[in-house]
Structures are given as C-alpha cells and as structure tokens.
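One structure is given here, and the rest of the page talks about it.
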Amino acid sequence: MSMWGYVILAYGIVWGAILLYVVSLKRRYRAAENELQRLSDAKES
Amino acid sequence: MPQVTGKKRKGILGAATLVFIIAGLYWGLVKAPPDAYQGDSQRIMYLHIPSILIAYLSFFLVFVGSCLYLWKREKRDDNLAYGAAEIGVLFTALTIVEGSIWGRPTWGVWWTWDARLTLTAILLLIFIGYLMLRALVEDESRAASSAAILGIIGFLDIPLIHMSVYWWRTLHQPPSILRPDKVPWENIHPELLTALAINFVAFVLLYFYMLSLRLRLGEMHEEIKARRMR
C-alpha cells in the first residue's frame, strides 16, 4: 500500500467512526426526547 | 426559554466544530508539507495526537466525576463520569487504530508489545470493562459506585502511559508536545504545528459537542426514570 493509502485508510476509519457515534448519539437523544414528550402528554391526558 | 438558549449554544458549537474539522482536513491533507523523514504517513499524526489528548481529557473528567460521586453521591457527577468514559473509549480505540496504521509503513509492523502501546491497550480494556459494568449490573447505585472505583483506577494508567517512554526502552518515540524540556514550537516545524493545532481545536470542539449531547442524554434518562416512578 502507498503512503497515501495508509493516510486515507486512517482518515476514513477515524471520521467514519466519529460520524457513526454522533449519529447514534443523536438517535438516542431524539428517542429520549420523544419518550419524555410521550410521558408529559400521558400525564396531561 | 433556557431550552432555546441551550439549543442555540449547541448549534453554534456544532457549526464551529464543522468549520474547524474542514480547516483541519485541508491543513492536514493539503496545506501541510510531507515530513522530511516519514513522508505523507506523518499526516496520520494530525489525528493521532489530538485523539489521545482528548482521551486523556475524557478520563480526567471520569476521574473527577468518580471522586465527586463517591464523596457526594450526586447523580450529576456520575452522569459526567459515565458520559466521559463512553467518549474516552471511542478516542482511545481510534488512537490505537491510527497508531497501528501509522506504525505499518514507519516501523514495519501493525502492532508491537511496546510499553506505551501495551499500557494504552490496557487503558482501553479497563474502560471497556467500565462500560460493561454499567450495562450489566442492574442495581444502578452499586454499578455507579463500582464503576467510580474502576474509573479512578483506570485514570492512574495515564501517568504510566505518559512516563513509559522515559522509564523503559520503547519503540514509541518520546512525546513531541507534552515534554518538559522543550515547548512544541521549538520541536516541530511551524507549518506542521499549525496543522496539528487546527486539528486539535477541531477535536476539542467536537469533544465538547459530543459531551454536551451525552450529558443531556443522561439527564433525560434520569427524568424518564423519575416520571415512570411517579
């Protein structure tokens, strides 16, 4: 593999993993927000 | 109203993070020249050094949160430790992967049982154990206390990692940034240092963006539990 091959592999893995983590974090965040909203609505009704 | 302000602050932080990530990629991959000895593989260092510094910062926050939790028993401190541990594991794993990819063309091996590498792998295993403990122990108070003790012990590995290159003969070179005898700009060419600094700022901003999301997520889980109990 060329030097640039190693560089691209490293940058790809790092930014790919970070992106996956941020997306999963946002999904969990949204799910928790929706659950809180659902509990508020259930309490009001 | 405070909710809107918090969202706005998170938006500004997210936008600033994105700007620095793009600038960091440009400086790291285009603007900075290749290293005189290592060639282009040195560009991996613009990710590797910020990753390990962010992992250290994260585990320092685990240490602070864990000590405060054992002292005051406040859920807020446990939430800080738990959130920081999760992100710390991500950045430690990335540090090992980046180091391995850099090591192949530079040292000729993907992995070697060097003191610094081995101690970093131990750090990762300790904090994977921390996350497993949080996930598997059902009694939350017991899980938080046990994890706090493990978090404090795990943090003590960091001074060992840092000093390992001085205490033992290692393949890993001594630090370029955190060294007692020289400041970074005496040690690294300004163009390479600029690329490193921009990437470091990008990682710090990204870290605080992720941590703010993760802390709020922990708070929301507590609110959900409290509302279900009522």
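Protein chains in written order, with my numbering: chain S, 1 to 45; chain G, 1 to 230.
Beta carbons are placed, not taken as given, at the ideal position from N, Cα and C, and that holds for glycine.
Treat the numbers as computed from the prediction; the structure is a model and nothing was measured.
Taking CB atoms only, G:P50 has no neighbour in chain S less than 7 Å away.
The DSSP assignment places 75-107 as complete runs of the alpha helix (DSSP H) inside the stretch 51-133 of chain G, in order along the chain (cut-off: 4 residues).
Considering only G:G151, G:A143, G:V137, the residue with the shortest C-alpha distance to G:I122 is G:G151. Taking a Cβ-Cβ cut-off of 7 Å, the neighbours of S:V22 in chain G comprise M210, given in sequence order. Per the Cβ contact rule, the stretch 64-82 of chain G is not in contact with the stretch 24-44 of chain G (fewer than 3 Cβ pairs under 8 Å). DSSP places S:K26 in the uninterrupted alpha helix (DSSP H) bounded by 3-44.
The Cβ neighbour count for G:P159, taken over all protein chains shown within 10 Å, is under 16; the residue is labelled exposed. By the Cβ rule, the stretch 25-35 of chain S does not count as touching the stretch 122-131 of chain G, because fewer than three pairs are nearer than 8 Å. The three-state reading of DSSP puts G:D40 in helix, counting H, G and I together. Closer than 7 Å to the CB of S:R28 there is at least one CB belonging to chain G. A straight line joining the alpha-carbon of G:V64 with that of G:W107 spans about 37 Å.
In this structure, the straight-line span from the alpha carbon of G:A202 to that of G:L13 is close to 11 Å. Where G:I224 is concerned, the enclosing alpha helix (DSSP H) starts and stops at 190-229. When DSSP states are grouped into helix, strand and coil, G:D139 belongs to the coil group.
By the CB criterion at 7 Å, G:S58 and G:G88 fall inside the cutoff. Annotation for G:T112: L171 place their beta carbon closer than 7 Å to its own, counting only its chain and skipping 5 residues before and after.
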